[in-house]
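A.B. asks: The structure follows.
Residue numbers (the numbering used here): 1 to 161.
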């Protein structure tokens with residue numbers, strides 16, 4: 001590649017980065033990720049715990065997280081997981097807890113979709129009403145379930161290799 005082509009590519013990349021407001025989108029995605037990580041991990045532990053046992057799944061998942069975010073970050077997430085499992089709410093409180101778990105876990109995927117739509121200049125249809133809001137959240141929640149299954153598969157493969 002010639003220098004002129006490389007410089008032109010870098011210039012265009014920088015212009016697109018600024019036009020798409022990529023720094024703001026990255027910050028929003030990081031914000032939603034911070035608040036979604038505990039619900040996503042709780043769901044992943046529930047899925048993996050159904051097969052391997054909750055303690056084994058929790059230990060393995062927290063170990064994986066520790067490798068990514070360090071010991072202190074893993075302790076914070078582990079405390080959030082323990083606190084979420086401690087409250088044995090019944091009746092309406094349990095429904096509210098499940099709804100908040102669902103809402104929190106799906107938030108990061110809704111933000112990811114919105115960010116990618118903005119970067120790729122996709123004009124999403126205006127979604128009006130509660131039904132469309134719930135549909136979008138359900139689709140995002142299925143992405144969370146998919147990640148849980150991928151985590152489960154990686155644990156199985158890791159144990160057998």
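Quick reminder that beta carbons are idealized off the backbone N, C-alpha and C, glycines included.
Predicted, not measured: the structure shown is a model, and the values here were computed from it.
1. Have a look at residue 78 and residue 29 and give me their C-alpha separation to the nearest angstrom.
2. Looking at C-alpha atoms only, which residue of 92, 119, 76 and 125 is the closest neighbour of residue 34?
3. Take residue 111 and list the residues in its own chain whose beta-carbon comes closer than 6 Å to its own, dropping the five residues that flank it on each side.
4. Could you round the C-beta distance between residue 36 and residue 148 to whole angstroms and report it? I think they count as a contact, below 8 Å.
5. With a threshold of 8 Å, are at least 3 pairs of Cβ atoms found where one atom belongs to the stretch 51-67 and the other to the stretch 12-25?
6. On the criterion of 16 or more Cβ atoms from any shown chain inside 10 Å, does residue 39 qualify as buried, or is it exposed?
7. Give every residue of the same chain whose Cβ lies closer than 6 Å to the Cβ of residue 137, excluding the five residues on either side of it in the sequence, and list them in chain order.
8. Taking only three categories from DSSP, how would you classify residue 161?
9. Would you mind working out which of 68, 95 and 101 sits nearest residue 80, comparing C-alpha positions?
10. Identify which residue in 114, 128 and 104 has its Cα closest to the Cα of residue 122.
11. Quick check: what's the CA-CA separation for residue 15 versus residue 118?
12. DSSP state of residue 17, grouped into three classes?
13. Indicate the three-state DSSP secondary structure (helix, strand or coil) for residue 120 in the structure shown.
14. How would you label residue 98, buried or exposed, when you count the other beta carbons within 10 angstroms and need 16 or more for buried?
15. May I ask you to report which of helix, strand or coil DSSP gives residue 4?
C.D. replies: According to the data block:
1. 22 Å
2. 76
3. 28, 29 and 32
4. Between residue 36 and residue 148 the beta-carbon gap is near 13 Å, outside 8 Å, which marks them as no contact.
5. no
6. buried
7. Around residue 137, the same chain offers 106 as residues with beta carbons nearer than 6 Å, after the five sequence neighbours per side are excluded.
8. The answer is coil: DSSP assigns residue 161 none of H, G, I, E or B.
9. 101
10. 114
11. 15 Å
12. helix
13. coil
14. exposed
15. Note: residue 4 maps to helix in three-state DSSP.
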